[in-house]
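Visitor: Supplied in structure tokens, the structure appears directly below.
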Amino acid sequence: QLSLAIGREGQNARLAAKLTGWRIDIKSLTEAAQDSLNMLDHEAVDKSFASNKEFVDQIKHILDKKNSGRPVTAEDYLSLSRLVNNVEGRIIASRASAHDEIRKARAAIKKRIPQKAWDTDIIEFNLMHRIHNVLVENGITSVGAALYQLELGDMTLLALDGFGDKALEDLKKAAKVFQETLVLEVEKPAAEEVVAEEELVTAEAETAVAEDEDEAEEAAEVVAEAVEEAEEAEAEEAVAEEELVTAEAEAAVAEEEDEAEEEEDDEE
1 QLSLAIGREG QNARLAAKLT GWRIDIKSLT EAAQDSLNML DHEAVDKSFA SNKEFVDQIK
61 HILDKKNSGR PVTAEDYLSL SRLVNNVEGR IIASRASAHD EIRKARAAIK KRIPQKAWDT
121 DIIEFNLMHR IHNVLVENGI TSVGAALYQL ELGDMTLLAL DGFGDKALED LKKAAKVFQE
181 TLVLEVEKPA AEEVVAEEEL VTAEAETAVA EDEDEAEEAA EVVAEAVEEA EEAEAEEAVA
241 EEELVTAEAE AAVAEEEDEA EEEEDDEE
């Protein structure tokens, strides 16, 4: 509940409640000022402001005038507003900031809880009927909601009517079993994925080796064919050279015979 004076004598409080969505206790400015005087030692209040004796005495004098029915000036109301803004205003802002930090922390807790837990009914915990009923009656109907309450601390659950230490112990055991099962379910697909990747790598390696062997065989065949063709070419070239030598020799012999015949004819 937030106590806040808005406008003179709280006349705009209802409008503020509608605009902010807050629940506002309607109090007059003088009531808020009196409460502020009683909260000057609050940690959210500026110490230099709280120790301003002259201003504090002025506020007390204004409140005395108001309580005795004497006229209160516009300047007096401004002083009261200044007091309320610096005391109750700071306290409210401090509470709002603390509330926001709590909200963020709780949101982070909810985010850490797996979605499967939120989708699983609390009945899966197999708790005693009485414990189950206490949880459901307090809106804790899913495993996720139970884990969330456990994260908030034991006192949150122990504050529930009919929920004691034994019930808390049973709930923690059930939560531990659920979380261990969830971890195993997550680890199993991961392990299967690793095995599948290893098999894929092995298959790719075997394929690469087979391809290398095929390429080596093809290269060997090409080399063998080239060697064979070279040998055949050399053999053909050698035969051609031998035939050429034979032809030249025969031509030389024929020339010698012709020359011999010519010499014989000359002698005759």
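Those letters in the sequence shown? Residues 1 to 268, by the working numbering.
The beta carbon of each residue, even a glycine, is placed where N, CA and C say it ideally should be.
State the Cα-Cα distance for the pair Asn86 and Ser68, rounded to the nearest angstrom.
Guide: In the sequence shown, the residue the question calls residue 86 occupies position 86. In the sequence shown, the residue the question calls residue 68 occupies position 68. Between Asn86 and Ser68, the C-alpha separation is close to 25 Å.
Visitor: Which same chain residues end up closer than 7 Å to Gln34 when comparing Cβ atoms and leaving out the 5 residues on each side of it in sequence?
Guide: Translated into positions along the sequence shown, residue 34 becomes position 34. The residues are Leu63.
Visitor: Buried or exposed: which applies to Ala190, given that a residue is buried once 16 or more other Cβ atoms fall within 10 Å of its Cβ?
Guide: Your numbering for residue 190 matches position 190 in the sequence shown. Below a pLDDT of 50, predicted positions are generally treated as unreliable, and Ala190, at 48, falls in that range; the measurement from the model is reported next regardless. It is exposed - the Cβ of Ala190 has fewer than 16 other Cβ atoms within 10 Å.
Visitor: Could you give the DSSP three-state label for Ala191: helix, strand or coil?
Guide: If you number the sequence shown from 1, residue 191 lands on position 191. Here Ala191 scores only 46 on pLDDT, less than 50, and its place in the model is too uncertain to base an answer on.
Visitor: Is there contact here, the region 109-126 with the region 160-169, by at least three beta-carbon pairs under 8 Å?
Guide: With the cut-off at 8 Å, the region 109-126 and the region 160-169 do not touch.
Visitor: Cutting at 8 Å between CB atoms, please list the residues of its own chain near His132, excluding the five before and the five after it.
Guide: Locating residue 132 in the sequence shown gives position 132, where the first residue counts as 1. The residues are Ile122, Ile123, Phe125.
Visitor: My output table needs one value for Asp41: the three-state DSSP class, helix, strand or coil.
Guide: Position 41 of the sequence shown, counted from the first residue, corresponds to residue 41. Coil at Asp41, not helix or strand.
Visitor: Cβ of Tyr77 within 8 Å of Cβ of Leu29?
Guide: Walking along the sequence shown from the start, residue 77 turns up at place 77. Walking along the sequence shown from the start, residue 29 turns up at place 29. Going by C-beta atoms, Tyr77 is nearer than 8 Å to Leu29.
Visitor: How is Ser142 classed by DSSP in three states: helix, strand or coil?
Guide: One-based indexing of the sequence shown puts residue 142 at position 142. Residue state, collapsed to three classes: strand.
Visitor: I'd like the list of long-range same chain contacts for Leu158, defined as Cβ closer than 8 Å, with 5 residues on each side in sequence excluded.
Guide: Numbered from its first residue, the sequence shown carries residue 158 at position 158. Answer for Leu158: Gly164, Asp165, Leu168, listed in chain order.
Visitor: According to DSSP, simplified to helix, strand and coil, what is Asp121?
Guide: Translated into positions along the sequence shown, residue 121 becomes position 121. DSSP places Asp121 in strand when its eight states are reduced to three.
Visitor: Note down the Cα distance separating Arg112 from Trp118, rounded to an integer number of angstroms.
Guide: Stepping through the sequence shown from its first residue, residue 112 is reached at position 112. Stepping through the sequence shown from its first residue, residue 118 is reached at position 118. Spanning the two alpha carbons is a distance of roughly 11 Å.
Visitor: Compare the beta carbon distance of Val56 and Lys65 with 8 Å and say whether it is the shorter of the two.
Guide: Position 56 of the sequence shown holds residue 56. Position 65 of the sequence shown holds residue 65. No, these two residues do not count as a Cβ contact at 8 Å.
Visitor: Using 8 Å as the threshold, is the region 44-51 in touch with the region 88-102, meaning 3 or more CB pairs across them?
Guide: As far as the Cβ criterion goes, the region 44-51 touches the region 88-102, which means the pair count is three or higher.
Visitor: With C-beta atoms as the reference, is Leu83 less than 8 Å away from Ile59?
Guide: The count along the sequence shown starts at 1 and reaches residue 83 at position 83. The count along the sequence shown starts at 1 and reaches residue 59 at position 59. Cβ atoms of Leu83 and Ile59: closer than 8 Å.
Visitor: Out of curiosity, what's the CA-to-CA distance linking Ser51 and Thr20?
Guide: The residue you call residue 51 lines up with position 51 of the sequence shown. The residue you call residue 20 lines up with position 20 of the sequence shown. Rounded to whole angstroms, Ser51 to Thr20 spans 32 Å at the Cα level.
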